[in-house]
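Visitor: Going down the list, the sequences are from chains W and B. Numbering follows the working numbering, in which position 157 of the first sequence is assigned residue number 157; successive positions increment by one, without gaps. Numbering follows the working numbering, in which position 75 of the second sequence is assigned residue number 75; successive positions increment by one, without gaps.
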Amino acid sequence: MTMDALTRRRFLLASGVTAGGALAAGAGGMGIAHLLRTAGQDASAARSKKLVLVTLYGGNDGLNTVIPYTDHAYHSARPELAYDAAKVLHLDDTLGLNPVMRGMKQLWDEKRLAVVLGVGYPRPDRSHFRSMDIWQTASPAEPVTTGWVGRWLDGTKAAPEAAVSFEPVLPPVLAGQTRAGSCVSVGGLELPPGITADAVAALGRGEPGEPELQARAARAYGDLLRVERLVRSAEQHQSPSPDNADEEVLTTGPGSRSVLETQLALVARCVEAGVPTRVYSVSLDGFDTHAMERAGHESLLTRLDRALSAFVARMARTEAGRQVTVVVYSEFGRRVRANASQGTDHGTAGPVFVLGPTVAGGFHGEQPSLADLDDGDLKATMDFRDVFGTVLTSVLDADPDRYVGSGYRTKPLPLLTAD
Amino acid sequence: MSDSVGLLLRRAGFGPTAVELAAARQAGYAAALSGLSAPPGPDVGATGAPIPDLGPDAYAGKRDLTYEEKVKLEDLRTAQTEQITEWWLNRMTVASHQAVEKLVFFWHGHWATSVKKVRSPQLMLSQHRTLRGAPDFTVMARRMVVDAALNHYLDGHLNTRQAPNENLARELCELFVLGIGNYTEKDVKEAGRALTGWRFSLTMGRSVFDPKAHDPGRKTILGRTANFTAQSLVDLLLTQEACPRFIAARLWFRYGSSAKPIPKGLQEKMVRAFPAPMAMLRVLLADEAFQATAGTMVKQPVEWLVGVLRQLGVRPASLTPETRKAVLHDLENLGQLPFATPNVGGWPAGGAWLTSAAAQVRLRLAGRIAEQAPVDQLTPESLAYLLGVDGWTNRTYAVLRGTQDRRQLLTLGLVSPEYLVT
Numbered sequence: 001m002t003m004d005a006l007t008r009r010r011f012l013l014a015s016g017v018t019a020g021g022a023l024a025a026g027a028g029g030m031g032i033a034h035l036l037r038t039a040g041q042d043a044s045a046a047r048s049k050k051l052v053l054v055t056l057y058g059g060n061d062g063l064n065t066v067i068p069y070t071d072h073a074y075h076s077a078r079p080e081l082a083y084d085a086a087k088v089l090h091l092d093d094t095l096g097l098n099p100v101m102r103g104m105k106q107l108w109d110e111k112r113l114a115v116v117l118g119v120g121y122p123r124p125d126r127s128h129f130r131s132m133d134i135w136q137t138a139s140p141a142e143p144v145t146t147g148w149v150g151r152w153l154d155g156t157k158a159a160p161e162a163a164v165s166f167e168p169v170l171p172p173v174l175a176g177q178t179r180a181g182s183c184v185s186v187g188g189l190e191l192p193p194g195i196t197a198d199a200v201a202a203l204g205r206g207e208p209g210e211p212e213l214q215a216r217a218a219r220a221y222g223d224l225l226r227v228e229r230l231v232r233s234a235e236q237h238q239s240p241s242p243d244n245a246d247e248e249v250l251t252t253g254p255g256s257r258s259v260l261e262t263q264l265a266l267v268a269r270c271v272e273a274g275v276p277t278r279v280y281s282v283s284l285d286g287f288d289t290h291a292m293e294r295a296g297h298e299s300l301l302t303r304l305d306r307a308l309s310a311f312v313a314r315m316a317r318t319e320a321g322r323q324v325t326v327v328v329y330s331e332f333g334r335r336v337r338a339n340a341s342q343g344t345d346h347g348t349a350g351p352v353f354v355l356g357p358t359v360a361g362g363f364h365g366e367q368p369s370l371a372d373l374d375d376g377d378l379k380a381t382m383d384f385r386d387v388f389g390t391v392l393t394s395v396l397d398a399d400p401d402r403y404v405g406s407g408y409r410t411k412p413l414p415l416l417t418a419d
Numbered sequence: 001m002s003d004s005v006g007l008l009l010r011r012a013g014f015g016p017t018a019v020e021l022a023a024a025r026q027a028g029y030a031a032a033l034s035g036l037s038a039p040p041g042p043d044v045g046a047t048g049a050p051i052p053d054l055g056p057d058a059y060a061g062k063r064d065l066t067y068e069e070k071v072k073l074e075d076l077r078t079a080q081t082e083q084i085t086e087w088w089l090n091r092m093t094v095a096s097h098q099a100v101e102k103l104v105f106f107w108h109g110h111w112a113t114s115v116k117k118v119r120s121p122q123l124m125l126s127q128h129r130t131l132r133g134a135p136d137f138t139v140m141a142r143r144m145v146v147d148a149a150l151n152h153y154l155d156g157h158l159n160t161r162q163a164p165n166e167n168l169a170r171e172l173c174e175l176f177v178l179g180i181g182n183y184t185e186k187d188v189k190e191a192g193r194a195l196t197g198w199r200f201s202l203t204m205g206r207s208v209f210d211p212k213a214h215d216p217g218r219k220t221i222l223g224r225t226a227n228f229t230a231q232s233l234v235d236l237l238l239t240q241e242a243c244p245r246f247i248a249a250r251l252w253f254r255y256g257s258s259a260k261p262i263p264k265g266l267q268e269k270m271v272r273a274f275p276a277p278m279a280m281l282r283v284l285l286a287d288e289a290f291q292a293t294a295g296t297m298v299k300q301p302v303e304w305l306v307g308v309l310r311q312l313g314v315r316p317a318s319l320t321p322e323t324r325k326a327v328l329h330d331l332e333n334l335g336q337l338p339f340a341t342p343n344v345g346g347w348p349a350g351g352a353w354l355t356s357a358a359a360q361v362r363l364r365l366a367g368r369i370a371e372q373a374p375v376d377q378l379t380p381e382s383l384a385y386l387l388g389v390d391g392w393t394n395r396t397y398a399v400l401r402g403t404q405d406r407r408q409l410l411t412l413g414l415v416s417p418e419y420l421v422t
């Protein structure tokens with residue numbers, strides 16, 4: 001199905017994105033192969049492995065996501081928040097998923113969901129900002145200004161489309177010293193009356209000797225047009241499963257799609273169309289559940305579950321999609337004991353999900369003990385740098401120790417099946 | 001060619017008009033700095049934008065509401081939030097005392113609080129008055145620790161003797177007063193106990209103290225043991241050597257460089273001017289190290305927009321309601337809506353604003369404002385003068401020469417790399 005203007009408009013409305021305009025940048029009839037050729041690249045990058053990073057902002061309550069349902073300590077530490085063993089979706093005889101995560105449970109049964117247990121880092125920091133910074137920069141010991149994907153962009157002299165975020169502000173993980181990922185608005189590019197893409201492109205040219213940030217400001221315009229064209233031509237790409245694409249447009253009423261679903265639908269189209277992006281960054285916010293946690297957390301997990309399970313199922317249907325690995329993480333878990341506001345305060349280690357057609361499903365690592373806490377918090381049993389290091393090796397074909405920070409020696413995990 | 005007075009005015013305020021810039025150049029650097037940091041008389045421009053009176057919170061004194069009633073009250077709150085956001089942008093634009101006005105915006109980013117969680121525009125506006133009215137950092141910190149909006153934002157109202165919630169205590173140490181590395185985890189927990197007992201009242205529009213929820217016991221914080229309360233905790237934090245250094249570093253981060261740390265010598269000089277923020281800022285702006293930062297700061301979206309409005313003579317209050325709404329929406333998509341910081345860490349800085357997504361929204365917003373600008377004749381040269389740009393690169397000059405339409409010319413100038421970086 002080719003997405004005509006009207007269908008696209010409906011797609012955007014269904015996404016809750018109403019500010020989107022026409023295809024002003026004029027992807028026109030230009031195919032992706034042509035776009036890449038004009039940029040002096042071949043399209044082989046389109047067939048390479050891809051990473052989708054899903055960031056859960058706010059600190060996801062790991063103990064109510066992957067639940068130690070047989071552990072008395074779990075039930076007694078948070079009586080109002082704990083789930084009955086009977087309601088939990090059992091993964092084995094001690095751990096289970098939150099009852100709302102039915103799609104993820106199905107992926108687990110199909111061996112397409114890996115759960116890495118007890119992931120954290122030494123000397124946990126309970127500040128959202130510092131801890132998220134630590135995860136995104138992969139540098140727990142000292143603050144640095146580049147993210148681990150950003151350093152990979154620097155190191156591989158990557159093209160602007162190599163890493164794409166569908167968020168309004170660039171996440172630190174995609175910021176390098178000399179390069180950064182691109183941000184693409186889900187709503188589409190809209191230029192003011194009379195302003196041509198050519199004029200914008202001309203503003204995007206570098207000028208010898210100009211200050212570094214001024215050059216970067218210029219480059220952003222060039223990158224904008226280039227990546228925009230790629231993504232929009234992906235939207236016009238023939239969908240491999242028209243029935244499904246139709247559903248995507250028609251069965252979702254306004255407002256019923258979460259931001260994450262919209263972002264992942266765009267990722268899916270880019271992957272299927274062969275856009276040579278290697279890393280996509282998407283996110284879901286709101287996990288800072290200090291009060292009245294249960295209903296709010298369930299609502300977030302429901303959105304996460306729906307978005308991820310639909311995305312992974314769709315990815316399994318195409319050759320390009322089968323190259324995709326999804327990693328879901330948050331800056332920290334939460335305290336074991338509930339606070340008196342029926343919520344939980346900032347904690348430490350939590351589970352990381354790795355999903356995809358080539359993922360080695362099952363548990364990796366060890367669930368932290370509730371009997372051996374560090375001042376009321378879980379002790380991490382796995383360093384997150386080993387997870388990201390594995391992703392660098394297995395998905396991005398890169399030397400992990402070059403891009404994970406502070407001289408850390410990563411230990412590879414068997415997260416992906418050998419191909 | 002460096003233009004030191006231009007840099008001073010661009011950093012200290014929101015963006016000087018051509019007239020302001022010419023007058024400041026005439027007066028010289030020292031006089032311009034005095035005029036900014038100690039402006040004579042009342043702010044004449046700001047009298048056109050007095051702080052709005054919203055009346056009590058929509059929920060004040062209301063209970064047992066039906067769903068429909070709640071929807072109405074929420075709509076009212078949304079409208080009032082837009083009202084105060086538009087008001088503040090207008091105030092920034094019309095204020096004659098630009099450095100004073102910009103410092104208020106700095107403090108909002110410092111004590112970052114978002115109406116998206118607080119919900120009550122009345123509480124946000126009350127916090128705004130506190131930030132605007134505090135004569136120095138000491139008074140500000142004492143008032144802010146029990147500020148209703150900040151307490152709500154950081155769950156202070158849930159922090160009780162029976163069940164401590166340390167969110168506010170942590171940010172007080174980390175982001176507001178001391179800076180990371182100047183306290184221990186134990187200090188945070190104990191400080192949390194000192195802060196117990198404060199909750200907010202929507203009816204009264206302020207914080208109230210509940211002695212029953214307060215933990216009156218002894219706490220050991222930063223090596224001192226006492227029956228700390230919110231006030232004595234803040235007083236203890238304010239006497240730490242780390243505090244004035246931290247505030248100096250935060251000012252440097254927004255006015256000097258977000259990439260390079262504050263030079264030690266300048267930091268010590270600023271510490272001597274503590275707790276008066278404007279005096280500290282004046283030391284910063286007078287320092288050689290400040291001049292050396294030319295071309296290294298990216299304008300924040302609000303800074304950019306307010307500068308545009310000032311230089312083009314467009315007043316937010318005179319725009320149509322539709323346009324005002326669209327402008328706010330664009331600002332939000334640029335990642336910076338006043339009263340709505342993205343998180344307690346405040347606004348991003350530097351290259352983080354220069355994403356391709358931001359480039360796209362900026363183009364749209366520039367076009368929107370250019371539509372409203374009362375400008376009849378423009379050349380690339382007169383545009384540089386109007387926008388206070390030192391000069392165009394060959395690249396941008398060629399692009400500007402390529403259009404005859406003055407609105408297009410204006411739009412391209414506003415989004416030009418030269419105009420985004422200062």
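The C-beta atom is built at its ideal place from N, Cα and C for all residues, glycine as well.
Closer than 7 angstroms to a non-hydrogen atom of the ligand ATP - does that hold for the CB of Ala217/W?
Guide: Looking at this structure, you won't find the ligand ATP or any other ligand, since it has none at all.
Visitor: Name the chain B residues that come within less than 7 angstroms of Leu191/W, Cβ to Cβ?
Guide: Near Leu191/W (Cβ distances below 7 angstroms), the residues of chain B are Leu363.
Visitor: Contact check, Ala163/W vs Val279/W under 8 angstroms by CB: the rounded distance?
Guide: Contact holds; Cβ gap of about 4 angstroms.
Visitor: Please name the residue or residues paired with Thr220/B in a DSSP beta bridge.
Guide: Looking at the DSSP assignment, Thr220/B forms a beta bridge with Thr225/B.
Visitor: Using the three-state DSSP reduction, which class does Ile180/B fall into: helix, strand or coil?
Guide: Three-state result, Ile180/B: coil.
Visitor: In its own chain, which residues sit with a C-beta less than 7 angstroms from the C-beta of Glu20/B, not counting the 5 before and 5 after it?
Guide: These residues qualify, in order along the chain: Leu9.
Visitor: State buried or exposed for Tyr74/W, treating a residue as buried only when at least 16 other CB atoms are found within 10 Å of its CB.
Guide: Under this definition Tyr74/W is a buried residue.
Visitor: If the criterion is Cβ atoms closer than 8 angstroms, does the pair Phe166/W and Leu266/W meet it?
Guide: Taking 8 angstroms as the Cβ cut-off, Phe166/W and Leu266/W qualify as a contacting pair.
Visitor: Scan the stretch 71 to 93 of chain W for residues whose Cβ lies nearer than 8 angstroms to a Cβ of chain B and list them as they occur along the chain.
Guide: For the stretch 71 to 93 of chain W, which is checked against every Cβ of chain B, not one residue is closer than 8 angstroms.
Visitor: Under 7 angstroms, CB to CB, which of the residues in the stretch 162 to 187 of chain B have a partner in chain W?
Guide: Those would be Gln162, Ala163, Asn165, Glu166, Asn167, Arg170, Glu174 and Ile180, in chain order.
Visitor: For my contact list, Ala175/W and Gly147/W are in at a C-beta cut-off of 8 angstroms; report their separation, rounded to the angstrom.
Guide: Confirmed, about 5 angstroms.
Visitor: Find the residues of chain W that neighbour Asn394/B, judging by a C-beta separation of less than 8 angstroms, and give them in chain order.
Guide: By Cβ distance, chain W contributes Glu207.
Visitor: Start and end of the beta strand (DSSP E) containing Leu365/B?
Guide: Careful: Leu365/B lies outside any beta strand (DSSP E), inside the alpha helix (DSSP H) at Ser356 to Gln372.
Visitor: Along the stretch 280 to 293 of chain W, what residues have a CB closer than 7 angstroms to any CB found in chain B?
Guide: Cβ contacts with chain B come from His290 and Ala291.
Visitor: At the level of alpha carbons, what is the spacing between Gly120/W and Ile134/W?
Guide: If I take the Cα positions, the gap works out to 10 angstroms.
Visitor: Taking the alpha carbon of Leu354/B as the reference point, which residue from Asp109/W, Ala215/W, Ser309/W and Leu56/W has its own alpha carbon closest?
Guide: Closest by alpha carbon: Ala215/W.
Visitor: At the 8 angstroms Cβ level, is Ala175/W part of the contact set with chain B, yes or no?
Guide: Yes, Ala175/W lies at the interface with chain B (some Cβ there is under 8 angstroms from its Cβ).
Visitor: Counting pairs of Cβ atoms below 8 angstroms between the stretch 73 to 90 of chain W and the stretch 337 to 350 of chain W, do you hit three or more?
Guide: These segments touch.
Visitor: My parser needs the alpha helix (DSSP H) runs of 4 or more residues fully inside the stretch 344 to 380 of chain W; what are they?
Guide: Entirely contained in the stretch 344 to 380 of chain W, not one alpha helix (DSSP H) run reaches 4 residues.
Visitor: Got a sec: which bits of the stretch 198 to 216 of chain B sit with their beta carbon under 9 angstroms from any beta carbon on chain W, in order along the chain?
Guide: So nothing in the stretch comes that close.
Visitor: Below 8 angstroms on C-beta distance, what does Thr293/B contact in chain W?
Guide: Chain W residues near Thr293/B: none, gap ~10 angstroms exceeds 8 angstroms.
Visitor: What residues in the stretch 102 to 127 of chain B bring their beta carbon closer than 8 angstroms to a beta carbon of chain W?
Guide: Under the 8 angstroms Cβ criterion, the stretch 102 to 127 of chain B contributes no residue.
Visitor: Leaving out five residues on either side along the sequence, give the residues of the same chain with a beta carbon under 7 angstroms from the beta carbon of Phe209/B.
Guide: Correct list, in chain order: Gly197 and Trp198.
Visitor: Is the stretch 105 to 118 of chain W close to the stretch 364 to 371 of chain W, with three or more CB pairs under 8 angstroms?
Guide: Cβ pair count under 8 angstroms is three or more, so yes.
Visitor: Would Leu224/W pass as an interface residue toward chain B - the criterion being a Cβ-Cβ separation below 8 angstroms?
Guide: Chain B contact via Cβ: present.
Visitor: I need the boundaries of the beta strand (DSSP E) containing Ala163/W, first residue and last residue.
Guide: Ala163 to Ser165 is the extent of the beta strand (DSSP E) around Ala163/W.
Visitor: What do you get for Ser318/B, buried or exposed, if any count of 16 or more other CB atoms within 10 angstroms of its CB means buried?
Guide: Ser318/B should be labelled exposed.
Visitor: Check the Cβ-Cβ distances between Leu305/B and every residue of chain W, and say whether any is below 8 angstroms.
Guide: No, Leu305/B does not count as interfacial toward chain W.
Visitor: Counting Cβ pairs closer than 8 angstroms, one from the stretch 76 to 96 of chain B and one from the stretch 320 to 340 of chain B, do we hit at least three?
Guide: They touch, by the three-pair rule.
Visitor: Can you tell me whether DSSP reads Lys70/B as helix, strand or coil?
Guide: Lys70/B: helix per DSSP, three-state reduction.
Visitor: Given that Asn343/B touches chain W, what residues does it touch there, using C-beta distances under 7 angstroms?
Guide: Those are His128 and Phe129, listed as they occur along chain W.
Visitor: According to the neighbour-count rule (16 or more other Cβ atoms, all chains shown, within 10 Å of its Cβ), is Asn425/B buried or exposed?
Guide: In this structure chain B extends from 1 to 422, so residue 425/B is not present and cannot be described.
Visitor: Does Leu158/B have its Cβ less than 8 angstroms from a Cβ in chain W?
Guide: Interface residue, yes.
Visitor: Examine the Cβ distances between the stretch 149 to 166 of chain B and the stretch 238 to 251 of chain B and report whether three or more of them are shorter than 8 angstroms.
Guide: Taking 8 angstroms as the limit for Cβ pairs, the verdict is that the stretch 238 to 251 of chain B does not touch the stretch 149 to 166 of chain B.
Visitor: Starting from the Cα of Asp71/W, find the closest Cα among Ala371/W, Gly59/W and Arg317/W and give me that residue.
Guide: For Asp71/W, the nearest C-alpha among the options comes from Ala371/W.
Visitor: Looking at Ala46/B: is its Cβ nearer than 8 angstroms to the Cβ of Val94/B?
Guide: Contact: yes.
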